[in-house]
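J.: Below you will find the structure I want to go over with you.
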Amino acid sequence: MVQSVNSALSNMLEKDEDVILFGEDIGYFGGVFRTSDGLQSKFGKHRVFDSPLSEGGIAATAFGMGINGLRPVVEIQFADYIFPAYDQIVNEIAKVRHRSGGEFWCPVTFRTPAGGGIRGGHHHSQSPESQFTHTPGLKVVYCSTPYNSKGLLISAIESNDPVIFFEPKRCYRGPFYGDPHNVPTWKGHSEAEVPDSHYNIPLGQARIAKEGTDCTVIAWGTMVHVAEKAIKDSGINCELIDLQTLIPWDKETIVNSVKKTGRCVIVHEAPKTSGFGSELSASIQERCFYNLESPIERVAGWDTPFPHTTEWDYMPSPARIIDAIKKTQEE
Amino acid sequence: MSSEEEGNITIHVPDAPFRPGDNPVFDKWKWSPDDLKKPPIDCESEETSAHSRGLVRVIDDEGMAYGDWDPNLEYKEILQGLKHMVRLRIFDDRMMKMQRTGKLSFYMQSLGEECIAIAQTMALEEQDWIFPTYRQPGAQFVRGRSMVSMICHCIGNVEDNVKGRQMPVHYTYKKGRFISISSPVGTQFSQAVGVALASKYKQLNEVTITWIGDGASAEGDYHYGLNFASVYKAPVILNVVNNHWAISTHYNMASGSTNFASRGLAYEIPCFRVDGNDFLALYSVTKWARERAKIGLGATHIEILTYRTGAHSSSDDPSRYRPSNEHEFWPGGDPIERLKIHLIKNYDWTDEKHLQLENEIDAEVILAYKEAVKHGDLANGPYPSSDTIFTEVYENVPWHLQEQWDEMNKWKVD
């Protein structure tokens, strides 16, 4: 996935000279996760460059560049470090189109590695997507595989709205099935092959990762793979939906699936309370109430800070997801 | 097209002076110990203008100490400083080795910067507060923390005083008035001002010291700290450690100016740039700053000039972005080597005694390590109970957390 993100950035730098990349350590070094490796030497220091360690400064500068015709793609090194930029994102970038009567807009993409599973403790593990889904004016994307990371990132950069683009760092080098002692690479995965050329996955479109009839399981980021493993082990014929875009989420795919299965489990690694699962759960019951055969289940991170040594008791595990799937089958 | 020409037609983006494959060349330092006099303790900030642009030194390139800033410490005290520095270096080395075997998830060395927290903490009083970055663990040695306790934290075992919640090197040591370290860089710098103001409100003889990296000085927190300290005349010592590198980012990317110290002058705070590998100079300037804070004249801003000899962390590979021998050419040398030479030239310290000290400390570190791993390590456990996920989130556990806690207990893996 490191290469697919790099490939998306490279395609967009090539295609559109208004695209520029900046962020901490992303220039000469190519980023701490190597996602911009080689791009500075290929496209020049004026298009791919390091920034001071100042997330607030990065966001504000991106705002200015964005309203003056550029299409900045900035990296926040870890999603946990996005908060100094929060004011600029929430009060400025998200609202400028609306507050200026449509005269200004800011097509910036914030790429940021998120999520746990790397022994990152409190501040290298959080998954703060719902802090942004609650902000009108932002699109929010959470990729999960090499193939969708590239197609979604290209669409995010091409979007004329600001996009917060989460990359599950646990999956940069392979999918994660919930077992820290057995971590495969992407080799052989159905979503591992990525074309070199430009392609889009439209924002707002979910991916049916596996078709099924008995329960709809919705997940994003690393949890797509953990849920896949749980479904396999549950023996229940579930439909797995990789949400991909959280705002705006794919109403049609979700509603059709839940109407078909009558049961639903939502999985995310961010804390449960006010997590995006809450919004999905409420919306699904509004739209599918008479089709639901059992209560919607949520499997999420606990409402606590993300721990270091005990992180496997924090992150949703296949066992917890299987239990939730089984509960939906009971009534 | 040269970068200068490029800069004329598009965005100017500074680069590091040397990258892998380049020959690093540094000018020899033009500053010597008798350049700068100690200003009066109640001076105006402008009187430190030369100090902010020059370099306060006590130990010269030959290991001799002189000048107005010489603190005239007793041999015993200087030797104590040396011992702490050697202890930290050997401790770091052992932790890096343990990291490679998976006994801890991550580590950050202080290599080349051992002098800073040790000299400065020694210059303070024991009631003073310490708001460090992750590269000032040495302050804990000065404040008497046991090495076993520090290792237990790093390897996340059942004796870790922060209960396995934080990454290694994110120490908390309340007894030593050493605040819990947080990963977001720079946040401690502005918080320190609040601690100092609380001490002032309570009319206590307490000063707070804090550090921030050259890179993190680009964060808002640095500027908030300077401004609040200036407005309220907080009894705080505000240090910028300029170690040249913030991961791969050279300090010339942190600011368009090559001088960090003088930035405090705009806030009317006295400013000094100090040789960060000179134990005596750091000690002396810190004493001056403490005295000024104590008598109610507010903050002092210090740029500590040093060089990050090691990698940013165990996850970093600096050979990708800087010449691997760059530190050998940087004129500030090595802090331990410089203090050792000073002691050999001026007291009865010898190479043999130094070697013996290293051996003794090595044995001490190994002993501490063996003691610590008895309580578990990250590779093998046992870990702090996963109940610690739910405790101390709030003062008392609210119902929704209690429900989730019960739920977790059904699924415990650790």
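Chain order of the listed sequences is C and H.
Sequential numbering of the first sequence, starting at 0, is according to numbering that gives the first Met the number 0.
Sequential numbering of the second sequence, starting at 0, is according to numbering that gives the first Met the number 0.
All residues carry an ideal CB built from backbone N, CA and C; glycine is no exception.
Determine which residues of the region 8 to 26 of chain C have a Cβ less than 7 Å from any Cβ of chain H, and write them out in chain order.
T.: Flagged, chain order: E23 and D24.
J.: Tell me, to the nearest whole angstrom, how far the beta carbon of L264(H) is from that of C270(H); I am working on the premise that it is less than 8 Å.
T.: Residue 264(H) sits at position 265 when you count from the first residue of the second sequence. Residue 270(H) sits at position 271 when you count from the first residue of the second sequence. Correct: roughly 5 Å between the Cβ atoms.
J.: For V31(C), decide whether its Cβ has a neighbour in chain H, counting only Cβ atoms nearer than 9 Å.
T.: Looking up residue 31(C) in the first sequence gives position 32. Yes, contact with chain H.
J.: Counting along the chain, where does the alpha helix (DSSP H) carrying N290(C) start and finish?
T.: Start at 1 with the first residue of the first sequence, and residue 290(C) comes out as number 291. No alpha helix (DSSP H) holds N290(C); DSSP gives it neither H nor E.
J.: Return no unless some Cβ of chain C is closer than 9 Å to the Cβ of R18(H).
T.: Here the question's residue 18(H) lines up with position 19 in the second sequence. Yes, because at least one Cβ of chain C sits closer than 9 Å to the Cβ of R18(H).
J.: For a contact defined as C-beta to C-beta under 8 Å, what are the partners of F418(H) on chain C?
T.: This structure gives no information on residue 418(H), because the portion of chain H shown stretches from 0 to 413.
J.: At which residue ranges does the region 90 to 140 of chain H contain complete beta strand (DSSP E) runs of 3 or more residues, listed in the order of the chain?
T.: 128 to 130, all fully within the region 90 to 140 of chain H.
J.: Among G30(C), E13(C) and M0(C), whose alpha-carbon lies nearest the alpha-carbon of T248(H)?
T.: The sequence position of residue 248(H) within the second sequence is 249, counting from 1. The option with the nearest alpha carbon to T248(H) is G30(C).
J.: If you measure between the beta carbons of S124(C) and I117(C), is that distance less than 9 Å?
T.: Counting from one through the first sequence, the residue named residue 124(C) turns up at place 125. Counting from one through the first sequence, the residue named residue 117(C) turns up at place 118. Going by C-beta atoms, S124(C) is nearer than 9 Å to I117(C).
J.: With a threshold of 8 Å on Cβ separation, who are the neighbours of M0(H) within its own chain once the five nearest residues in sequence on each side are excluded?
T.: Locating residue 0(H) in the second sequence gives position 1, counting from the first residue. Since pLDDT at M0(H) reaches only 45, below the 50 mark, its modelled position is unreliable, and no value is offered.
J.: Going by the beta-carbon positions, is the gap between C287(C) and V216(C) smaller than 9 Å?
T.: Within the first sequence, numbered from 1, the residue matching residue 287(C) stands at position 288. Within the first sequence, numbered from 1, the residue matching residue 216(C) stands at position 217. Contact flag unset, no.
J.: Pull up the distance between the alpha-carbon of Q187(H) and that of W210(H), whole angstroms please.
T.: The residue labelled residue 187(H) in the question sits at position 188 within the second sequence. The residue labelled residue 210(H) in the question sits at position 211 within the second sequence. One C-alpha to the other measures close to 8 Å.
J.: Quick one: any contact between the region 10 to 22 of chain H and the region 318 to 328 of chain H, if contact means 3 or more CB pairs under 8 Å?
T.: Segments in contact, yes.
J.: Please name the residue in S256(C), Y289(C), T260(C) and W301(C) whose C-alpha comes closest to that of T272(C).
T.: As a first step, residue 272(C) must be located in the first sequence, where it is residue number 273. The shortest Cα separation from T272(C) among S256(C), Y289(C), T260(C) and W301(C) belongs to W301(C).
J.: Please determine, among T132(H), V168(H) and H11(H), the residue with the shortest C-alpha to C-alpha distance to G185(H).
T.: By 1-based counting over the second sequence, the position of residue 185(H) is 186. Nearest of T132(H), V168(H) and H11(H) to G185(H), Cα basis: T132(H).
J.: Given a cut-off of 9 Å, decide if G65(C) and Y313(C) are closer than it, judged by their beta-carbon atoms.
T.: Along the first sequence, one-based indexing puts residue 313(C) at 314. Along the first sequence, one-based indexing puts residue 65(C) at 66. Cβ atoms of Y313(C) and G65(C): not closer than 9 Å.
J.: Starting from V47(C), trace the beta strand (DSSP E) both ways and give me its first and last residue.
T.: Counting from one through the first sequence, the residue named residue 47(C) turns up at place 48. Taken as a continuous stretch (DSSP letters only), the beta strand (DSSP E) holding V47(C) covers V47 to D49.
J.: Rounded to the nearest angstrom, how far is the Cβ of E238(C) from that of K209(C), given a contact under 8 Å?
T.: Taking the first residue of the first sequence as position 1, residue 238(C) is located at position 239. Taking the first residue of the first sequence as position 1, residue 209(C) is located at position 210. The pair is a contact, with the Cβ atoms about 7 Å apart (cut-off 8 Å).
J.: Since F48(C) meets chain H, which of its residues come closer than 7 Å, beta carbon to beta carbon?
T.: If you number the first sequence from 1, residue 48(C) lands on position 49. V12, listed in chain order.
J.: For a cutoff of 9 Å on Cβ pairs, would you count G120(C) as touching chain H?
T.: Here residue 120(C) refers to the residue found at position 121 when the first sequence is read from its first residue. By this cut-off, G120(C) is an interface position.
J.: Whole angstroms is fine: what's the gap from M107(H)'s alpha carbon to N255(C)'s?
T.: Here residue 107(H) refers to the residue found at position 108 of the second sequence. Here residue 255(C) refers to the residue found at position 256 of the first sequence. If you take the alpha carbons of M107(H) and N255(C), they lie about 51 Å apart.
J.: Return the first residue and the last residue of the alpha helix (DSSP H) that H224(C) is part of.
T.: Residue 224(C) sits at position 225 when you count from the first residue of the first sequence. Element bounds for H224(C): M222 to S233.
J.: Leaving out the 5 sequence neighbours to the left and right, which residues in its chain are closer than 7 Å to V141(H) when beta-carbon positions are compared?
T.: Numbered from its first residue, the second sequence carries residue 141(H) at position 142. The answer, listed in chain order, is H83, I117, T120 and M121.
J.: Looking at the C-beta of L400(H), does it have a partner C-beta in chain C at a distance below 9 Å?
T.: The residue you call residue 400(H) lines up with position 401 of the second sequence. By this cut-off, L400(H) is an interface position.
J.: Flag D322(C) as yes if its beta-carbon sits less than 9 Å from any beta-carbon of chain H, otherwise no.
T.: As a working mapping, residue 322(C) is identified with position 323 in the first sequence. It does: the Cβ of D322(C) has a partner Cβ on chain H nearer than 9 Å.
J.: Pairing CB atoms from the region 30 to 39 of chain C with CB atoms from the region 179 to 187 of chain C, are three or more of them under 8 Å?
T.: With a cut-off of 8 Å, the region 179 to 187 of chain C and the region 30 to 39 of chain C do not count as touching, because too few Cβ pairs lie within range.
J.: If we define contact as Cβ-Cβ less than 9 Å, is E91(C) a contact residue for chain H?
T.: Here the question's residue 91(C) lines up with position 92 in the first sequence. Not an interface residue.
J.: Just to confirm, are D419(H) and P383(H) a CB contact at a threshold of 9 Å?
T.: Past the edges of chain H, shown from 0 to 413, lies residue 419(H), and the structure says nothing about it.
J.: Using only CA atoms, which one of I208(H), E45(H) and L304(H) lies nearest to A288(H)?
T.: Your numbering for residue 288(H) matches position 289 in the second sequence. Closest option to A288(H), Cα to Cα, is I208(H).
J.: Are E46(H) and P39(H) close, meaning C-beta to C-beta below 9 Å?
T.: As a position in the second sequence, residue 46(H) is number 47, starting the count at 1. As a position in the second sequence, residue 39(H) is number 40, starting the count at 1. Yes, these two residues count as a Cβ contact at 9 Å.
J.: Going by DSSP, what residue range makes up the alpha helix (DSSP H) through V284(H)?
T.: The count along the second sequence starts at 1 and reaches residue 284(H) at position 285. Taken as a continuous stretch (DSSP letters only), the alpha helix (DSSP H) holding V284(H) covers F278 to K293.
J.: From this set, Y80(C), G120(C), I265(C) and N147(C), which residue's C-alpha is nearest Q204(C)'s C-alpha?
T.: On the first sequence, position 205 is the one that residue 204(C) refers to. Comparing Cα-Cα distances from Q204(C) to each of Y80(C), G120(C), I265(C) and N147(C), the minimum goes to N147(C).
J.: Exposed or buried, which one is S283(H) when buried takes at least 16 other CB atoms within 10 Å?
T.: Your numbering for residue 283(H) matches position 284 in the second sequence. Label assigned to S283(H): buried.
J.: Using the C-alpha atoms, what's the distance from L78(H) back to L488(H)?
T.: The requested residue 488(H) does not occur in the structure, where chain H is confined to residues 0 to 413.
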